[in-house]
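Chains as they are written, first to last, in the working numbering: chain A, 1 to 227; chain B, 1001 to 1352. Ideal Cβ placement from N, Cα and C applies to all residues, glycine included.
1) Name the residue from 1221/B, 1179/B, 1326/B, 1132/B whose alpha carbon lies nearest to the alpha carbon of residue 1249/B.
2) Using a Cβ-Cβ distance cut-off of 8 angstroms, determine whether residue 179/A contacts chain B.
3) Return the CA-CA distance between residue 1341/B and residue 1324/B, expressed in angstroms with no decimal places.
4) Hey, out of 169/A, 41/A, 155/A, 146/A, whose CA is closest to residue 103/A's CA?
5) May I ask which residues mark the beginning and end of the beta strand (DSSP E) holding residue 1188/B?
6) Using a C-beta to C-beta distance shorter than 9 angstroms, which residues of chain A count as neighbours of residue 1100/B?
7) Near residue 1344/B, what residues of its chain come up, given a Cβ to Cβ distance below 7 angstroms and the 5 sequence neighbours on each side ignored?
8) Closest by CA to residue 1319/B, which one among 1283/B, 1134/B, 1312/B, 1149/B?
9) Should residue 1274/B be labelled buried (16 or more other beta-carbon atoms within 10 Å of its own) or exposed?
10) Note down, in chain order, each residue of its chain lying with its Cβ closer than 7 angstroms to the Cβ of residue 1316/B, except the 5 sequence neighbours on either side.
11) For residue 41/A, name the three-state secondary structure that DSSP assigns.
12) Should the stretch 133-151 of chain A be called in touch with the stretch 59-66 of chain A, which here means at least 3 C-beta pairs below 8 angstroms?
13) Apply the 10 Å Cβ neighbour rule to residue 214/A and answer buried if 16 or more other Cβ atoms are within range, or exposed otherwise.
14) Would you check whether the ligand MG has a heavy atom nearer than 7 angstroms to the C-beta of residue 103/A?
15) If we cut at 8 angstroms on Cβ distances, does residue 1344/B have a partner in chain A?
16) Return the first residue and the last residue of the alpha helix (DSSP H) that residue 1125/B is part of.
17) Can you tell me whether DSSP reads residue 176/A as helix, strand or coil?
18) Measure the C-alpha to C-alpha separation of residue 1067/B and residue 1246/B and round it to an integer number of angstroms.
19) When you check each C-beta in the stretch 94-122 of chain A against every C-beta of chain B, which residues fall closer than 7 angstroms?
20) Give the straight-line distance between the Cα atoms of residue 137/A and residue 212/A, rounded to the nearest whole angstrom.
21) State yes or no: is the C-beta of residue 1131/B within less than 8 angstroms of the C-beta of residue 1207/B?
22) Express the C-alpha separation of residue 1272/B and residue 1346/B in angstroms, rounding to a whole number.
23) Does the pairing of the stretch 177-187 of chain A with the stretch 157-164 of chain A give three or more beta-carbon distances under 8 angstroms?
24) Which first and last residues belong to the alpha helix (DSSP H) in which residue 10/A is found?
25) Quick one, are the C-beta atoms of residue 192/A and residue 210/A less than 8 angstroms apart?
26) Indicate whether at least one CB of chain B lies closer than 8 angstroms to the CB of residue 10/A.
27) Given a cut-off of 8 angstroms on the beta-carbon distance, is the pair residue 1163/B and residue 1126/B in contact?
28) Which chain B residues sit within Cβ distance under 7 angstroms of residue 176/A?
29) Which first and last residues belong to the beta strand (DSSP E) in which residue 1210/B is found?
30) Does residue 196/A get closer than 8 angstroms to chain B when you measure Cβ to Cβ?
31) Pull out every residue of the stretch 1295-1317 of chain B whose Cβ sits closer than 8 angstroms to any Cβ of chain A, in chain order.
32) Which residues, in order along the stretch 1073-1096 of chain B, keep a beta-carbon less than 7 angstroms from a beta-carbon of chain A?
33) Any C-beta of chain B sitting closer than 8 angstroms to the C-beta of residue 145/A?
34) Under a three-way DSSP split, which group does residue 1244/B fall into?
35) If you pair each beta-carbon of the stretch 92-108 of chain A with each one of the stretch 125-139 of chain A, do three or more pairs fall below 8 angstroms?
36) Residues of chain B with CB closer than 7 angstroms to the CB of residue 80/A, please, in chain order.
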């Protein structure tokens, strides 16, 4: 373990091109997919909690089911869709970072929506009452609701971010872990393990945690300011 | 409110620019250059290499090579181009006609792999690091004299679906940069066991395959998924080989090292019910392994065929490295290609 920690720090300050490519692909995939999932999922969550329409309960149950989809199943689905013989082959998304992002968004959006719904269901009554008292339009009420749940938004985002970065099952299937193209930190750890290089794998794991720590500290500072 | 949104946007853009966009463009060429210089360095024949990788009791591993160099342990690697007019079907079994296959790129890579330059590189691979070559060129391999075209936009990306052994042993990372820098192509390597590598090609996700299981290759050719390229006489272009080795605990309770041939060694393991780790993933190594057991056991690549032996036979469905780790932990016997084992051992094979 000590050796792996040492190597993680050596790696951090090294100029190993493959490593930095892995880190940059990881960050590109994680940030894009978590932001897209937030943009899609947060309004959905507000809709689930705030709007009243037939089939709402069923939608919430469906959403909760999707929250538990095993990543490999999602990966397999995307693999079949984007394959050379799949129905979406002309998009040419298989073995690309964009394909990985699509799979990630499919996985994380229900999680973001579900978390937002859970949080909002406790406070939505009050917000709705206030909005009615102020005679706010529907659109305004929607934005007020989002504005009132900033704290939950940040933590939901972080949760989605964590899921996106830690994901391995879906991205290895859709991305194919191709060096200098779609190899991310989790798939690289798998690859190094397969080569018997546990120390390097563990070092990458430490690096992954460090990045996550930095992002969380940043988010915490933001959250404190907005609280 | 506006200020905060601005702040968040700024923070995101900062992170994005630091990690994302700025890096991607610059890293790849650097890396190619780096590897290319390495290749240049190894091309110069060095003096007789010091043999460092030979059985070394202090390597930290509990397992070692017990049996090798048996004729039935030869491990042949073949290149097969994917036929763009193959009978592709989608997941529902319906025919798909317009599958995009880069035949020109695949032929360029095959021509290069069968040429003299690649042969020299392959023969030298591993000599310095492991004290012996990891792969050997077949003397009767098909030879290519065709002129290799430079890439054009439509043929630039070549998708190579291959087995873990050539990738995990580092062979492709060592070979391909030379080809890429000379002819401008980008080779995208996806590696999995032979079974999965072939399945990927059948789903239109590869332009060529590099695999090592004769029976599976022949089935692939029979199904019409490969074709004979101009200047060759066969779909299966077998061009290099190495050896499978039987690996097991250093104290060798089954006395495999004293076996007369590899089948005898396998019979000894089965007889004593000593723990054995099988890849169980339809890889070339798995297909080879099931052919070595005594016929009376009726072991096939099907998991149901080993159900009765589950107390000593682990059908693991994992890559070579993971299985080697398992064997090391369980003090078990295992069949591996030699290249992966040597690389595994040199990389430490244990948590340092």
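This is what the structure gives:
1) Comparing Cα positions, the closest option is 1326/B.
2) Output row for residue 179/A: interface = yes.
3) For the pair residue 1341/B and residue 1324/B, the Cα-to-Cα distance works out to about 8 angstroms.
4) It is 169/A.
5) Taken as a continuous stretch (DSSP letters only), the beta strand (DSSP E) holding residue 1188/B covers 1186-1191.
6) Close to residue 1100/B, with beta-carbon spacing below 9 angstroms, are these residues of chain A in chain order: 84, 89, 90, 92.
7) For residue 1344/B, where only same-chain residues beyond five positions count, the Cβ hits under 7 angstroms are 1321, 1324.
8) Looking at 1283/B, 1134/B, 1312/B, 1149/B, the one whose alpha-carbon comes closest to that of residue 1319/B is 1283/B.
9) Buried.
10) Within the same chain, 1277, 1278, 1279, 1280, 1323, 1326 come within 7 angstroms of residue 1316/B by CB-CB distance, once the 5 residues on both sides are set aside.
11) In the structure shown, the three-state DSSP call for residue 41/A is helix.
12) As far as the Cβ criterion goes, the stretch 133-151 of chain A does not touch the stretch 59-66 of chain A, which means the pair count is below three.
13) Taking all protein chains shown into account, residue 214/A has fewer than 16 neighbouring C-beta atoms within 10 Å of its C-beta and is therefore exposed.
14) Because no ligand of any kind appears in the structure shown, any question about the ligand MG cannot be addressed here.
15) The beta carbon of residue 1344/B sits closer than 8 angstroms to some beta carbon of chain A.
16) Taken as a continuous stretch (DSSP letters only), residue 1125/B belongs to no alpha helix (DSSP H), as it is neither H nor E.
17) The three-state secondary structure of residue 176/A, taken from DSSP, is coil.
18) Annotation: residue 1067/B to residue 1246/B spans about 5 angstroms, alpha carbon to alpha carbon.
19) Within the stretch 94-122 of chain A, the qualifying residues are 94, 95.
20) As the crow flies, the alpha-carbon of residue 137/A is around 39 angstroms from that of residue 212/A.
21) No, the pair does not count as a contact, with Cβ atoms beyond the cut-off.
22) So the alpha carbons of these two residues sit roughly 31 angstroms apart.
23) Segment contact: the stretch 177-187 of chain A against the stretch 157-164 of chain A, fewer than three CB-CB distances shorter than 8 angstroms; contact not assigned.
24) Under the DSSP assignment, residue 10/A falls in the alpha helix (DSSP H) whose first and last residues are 2-12.
25) Remark: C-beta atoms of residue 192/A and residue 210/A do not approach each other more closely than 8 angstroms.
26) For residue 10/A, the answer is no, since every Cβ of chain B falls outside 8 angstroms of its Cβ.
27) Contact: no.
28) In chain order: 1190.
29) Annotation: the continuous beta strand (DSSP E) that includes residue 1210/B extends over 1208-1211.
30) Answer yes: the Cβ-Cβ gap between residue 196/A and chain B drops below 8 angstroms somewhere.
31) Listed by position, the residues of the stretch 1295-1317 of chain B near chain A (Cβ gap below 8 angstroms) amount to none.
32) Within the stretch 1073-1096 of chain B, the residues whose Cβ lies closer than 7 angstroms to some Cβ of chain A are 1088, 1089, 1090, 1091, 1096, listed in chain order.
33) Residue 145/A has a beta carbon lying at 8 angstroms or more from every beta carbon in chain B.
34) Correct three-state label for residue 1244/B: strand.
35) Verdict: no, contact absent.
36) Within 7 angstroms Cβ-Cβ: 1091.
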